[in-house]
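Working notes, structure below.
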Amino acid sequence: MASYNFDDRNIKWNTLTLPPVGELKHLVFSMLNVDEQNHIAHVLFKFTANEKIVLHRHMIHNNTFVVQGEHRLYEPDGTLREVRPTGMYKSTPPGDVHREGGGPDQDVVVFFDMRGHDGVYEGAAHAGRGRANPAMRYKGSRRA
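Residues in the sequence shown are numbered from 1192 upward in steps of one, following this note's numbering.
Pasting the structure below:
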């Protein structure tokens, strides 16, 4: 079967800022839809190949689908925990502390269906300590 790359040239990618960590490196995102009444957000994330983002915890339920590349999840100590290839769907409850990033060959694009109202992410400074940071904030800068 032929291999194809996801064409993201028309997607407006934004940077992500988590207090008190600041702007996350090796990650951009595009907000596709927010249903405030039902507490649902649909987001595309692009993780840089061969890089890991900051240690964090998802505070709400996440359903993910890998659109392109390999989505890699790491233990807090940096040990590779799981590799999710293109086409993989995963449903994950809140609470897991981890790092994540792209695989070795290309940036990974992952669709996130996030559901809940208890904030979105908790950064490394508070992950696992029961203190919630404010919900996701971003500044809208175009990335190539």
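Heads up, the beta-carbon is just placed ideally off N, CA and C, and yes, glycines get one too.
Residue i burial status per 10 Å Cβ neighbour count (16 or more: buried)
i	result
residue 1228	exposed
residue 1320	Reliability of the predicted coordinates at residue 1320 is poor, the pLDDT of 44 falling under 50, and the value obtained from them is presented with this limitation in mind. With fewer than 16 other Cβ atoms within 10 Å, it is exposed.
residue 1298	buried
residue 1223	exposed
residue 1216	exposed
residue 1219	buried
residue 1308	exposed
residue 1200	exposed
residue 1234	buried
residue 1260	buried
Whole-angstrom distance between residue j and residue i, CA atom to CA atom
i	j	result
residue 1198	residue 1302	14 Å
residue 1271	residue 1202	29 Å
residue 1330	residue 1221	Confidence at residue 1330 is low in this model, with a pLDDT of 34, below 50, so the placement of that residue is unreliable and no value is reported for it.
residue 1231	residue 1194	32 Å
residue 1262	residue 1213	23 Å
residue 1282	residue 1296	25 Å
residue 1255	residue 1304	6 Å
residue 1278	residue 1265	20 Å
Residues bridged to residue i [DSSP beta-bridge criterion]
i	result
residue 1282	1254
residue 1264	1273, 1291
Selected residue, minimal CA-CA separation from residue i, among the options
i	options	result
residue 1196	1305, 1300, 1306	1300
residue 1287	1296, 1258, 1256, 1252	1252
The stretch 1228-1242 / the stretch 1285-1301 touching (three or more Cβ pairs under 8 Å): Yes, the stretch 1228-1242 touches the stretch 1285-1301.
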